[in-house]
Structures are given as structure tokens and as C-alpha cells.
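Take a look at the structure set out below.
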Amino acid sequence: MNKFKSILIKLTAGAALAFTGVVAINTTTPAHTADAATTLKTKKITVDSKAGAKIWTSYYKGSFTGHTAMYGAHYNYTSSAVDAEGHMWFKIGENQWIKADDTIMGNLTSAAKKAQKTTKKKAKKSKKAVSQAPTSAEAAAKAWIAMRESGNNYYARNGQYIGKYQLSSAYLHGDYSPANQERVANNYVKSRYGSWVNAKNFWIRHGWY
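Residues -18 to -1, 1 to 191 in mature numbering (1 follows the signal peptide of the UniProt record, and there is no 0) are what the sequence shown lists, from first letter to last.
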């Protein structure tokens, strides 16, 4: 289903259009009409997609008109509908429909809109950082191995085995820095065991990894 965003903005005259090719909508059967304005108390929408919003002849089995409502264009829609795939559409003129996904609607000031976008940007960045960070189980397994291999010491040596994870000197290629030890250890474990948790389980069974 579409996610509605809100903005308070005066209706401007007309909308700039850009010409493109002709395509057919791949909906099968119409779902139902749903006047979003009933809930949001507004029929003002603004194109919020940087690529613009394609204008179709209908929300159901319509064709692309060859025109695109440009980013920032404002409209009062006359009705809305939901297609068979669950997408909300707005009618902005005779045989002219655009997807709600490409628009903003509601009662936010421009300052609030800017703050909202900043918040979303920070949330997205934070989510990305979390997704790239190791899980607690992975971090715990890695620390467990380091403690048993070297007492968590980057400078530990045992013959050809060097550092915090007791890696072969051949693996480290003469670079014994903590950063390289971490990088090589991660690559080694990923290629050999798939994860630090698997490496720990192997270590428990065999006394090495």
C-alpha cells in the first residue's frame, strides 16, 4: 500500500510536463476507489519524485500518456483509486492519473517537510550502519576466539602464527598491523567457515580454527 506524506503548499497554476514513450499499465482488475482526502482533509498533492510522475490515462489498464508531471508540480486531485496491486492513484484531470507513491499530500509546513526528510535520511543512514555492523553473536564469537588464541593480544607470536587471531605470517603478507590482522581474520573466517559463530563451533570441537 502507498505511504502518504504530508505537506502544506498552495496550488500553483499548471504543471510542467516532459514527453516520453507509450507503455501500458500491468494491472489486472481494479480494486476499489478510496478518497484519501476524506481522512487527510486535503486534495492538494505535490510531485515528490525526482524523476517526476508519469501520467496515465487510467489507473486500471491505462496507457502512459507520454507526459510526466515534473518534480515539484502541484495539483488538486478530483478522485483516488487503488489498483489490483494495492497502489493508490490520484486523478488530476480528464483521463490523467498519477501514482500516489510519487506524491506528497497533507498539512506540513515547508520547514516541517525539510525536518521530516532530514529525519528519514538519518534513520536510513543509521539503519545502513546497523546492517553493516556485526551481530552481537558474531562479535562475541570473534572475541571468544581472540581470547583463546592470543589473550586478545595483537603482538602475540607463536612460531609462524602471529597476532590476535594467530594467523599464519603467509596470510598477513608481512603486514602485522592491527587493521590488517582484523581484515585478514574476517576474510579467512568468512571464506573457510562462513561466520565467526561457525568458526567458534569448529574451535570447540577441534581446539583450533
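We treat Cβ as the ideally placed atom computed from N, Cα and C, and that holds for glycine.
Identify, in the order they occur along the chain, each residue of the same chain with its Cβ nearer than 6 Å to the Cβ of residue i, setting aside the five sequence neighbours on each side.
| i | result |
| --- | --- |
| Lys36 | Phe46 and Thr50 |
| Val171 | Trp178 and Ala181 |
| Ile186 | none |
Measuring alpha carbon to alpha carbon, tell me which of the options ends up nearest residue i.
| i | options | result |
| --- | --- | --- |
| Gln78 | Gly68, Tyr59, Ile27 and Met70 | Tyr59 |
| Lys25 | Ala66, Ser62, Ser40 and Gln142 | Ser62 |
| Gly44 | Lys81, Asp157, Gly189 and Arg187 | Lys81 |
| Asp65 | Ile86, Gln142 and Tyr42 | Tyr42 |
| Ile27 | Thr85, Glu67 and Asp157 | Thr85 |
| residue 219 | Ala55, Gly156 and Asn135 | Given that the chain is displayed from residue -18 to residue 191, the structure contains no residue 219 and the question cannot be resolved. |
| Ala55 | Glu67, Trp38, Gly48 and Ser31 | Ser31 |
Indicate, with yes or no, if the ligand SAH has a heavy atom lying under 7 Å from the CB of residue i.
| i | result |
| --- | --- |
| Ala55 | The ligand SAH is not part of the structure shown, which contains no ligands of any sort. |
Got a sec? Which residues, its chain only, sit under 8 Å from residue i by beta carbon, not counting five neighbours each side?
| i | result |
| --- | --- |
| Gln148 | Glu131, Ser132, Ala138 and Asn140 |
| Tyr153 | Val166 and Tyr170 |
| His188 | none |
Is it right to say residue i is buried, meaning 16 or more other beta carbons lie within 10 angstroms of its own, or is it exposed?
| i | result |
| --- | --- |
| Ala33 | exposed |
| Ser173 | exposed |
| Gly145 | buried |
| His14 | For His14, the pLDDT reaches just 48, beneath the cut-off of 50, and the residue's location in the model is therefore unreliable, although a value from the coordinates is still provided. So His14 ends up on the exposed side. |
| Trp38 | buried |
Only counting the same chain, and skipping five residues up and downstream in sequence, which positions put a Cβ closer than 7 Å to that of residue i?
| i | result |
| --- | --- |
| Phe184 | Tyr175 and Tyr191 |
| Asn162 | Leu154 |
| Asn134 | Ala128 and Lys146 |
| Tyr136 | Gly145, Lys146, Pro160 and Gln163 |
| Ser151 | Gln142 and Ile144 |
| Tyr158 | Ile144 and Gly145 |
Any C-beta of chain B sitting closer than 8 Å to the C-beta of residue i?
| i | result |
| --- | --- |
| Asn169 | Absent here is chain B; the protein component of the structure consists of one chain. |
Problem - Meets three-Cβ-pair contact criterion under 8 Å: the region 117 to 131 and the region 64 to 74 - result: no
Exercise for the section: Examine the Cβ distances between the region 120 to 138 and the region 174 to 186 and report whether three or more of them are shorter than 8 Å. Expected result: yes
Exercise for the section: Any chance you could list the beta strand (DSSP E) runs of at least 3 consecutive residues sitting entirely within the region 53 to 80, in chain order? Expected result: 56 to 58, 61 to 64 and 70 to 75
Exercise for the section: Pick out the complete beta strand (DSSP E) segments inside the region 125 to 185, 3 residues or longer, and give them in chain order. Expected result: none
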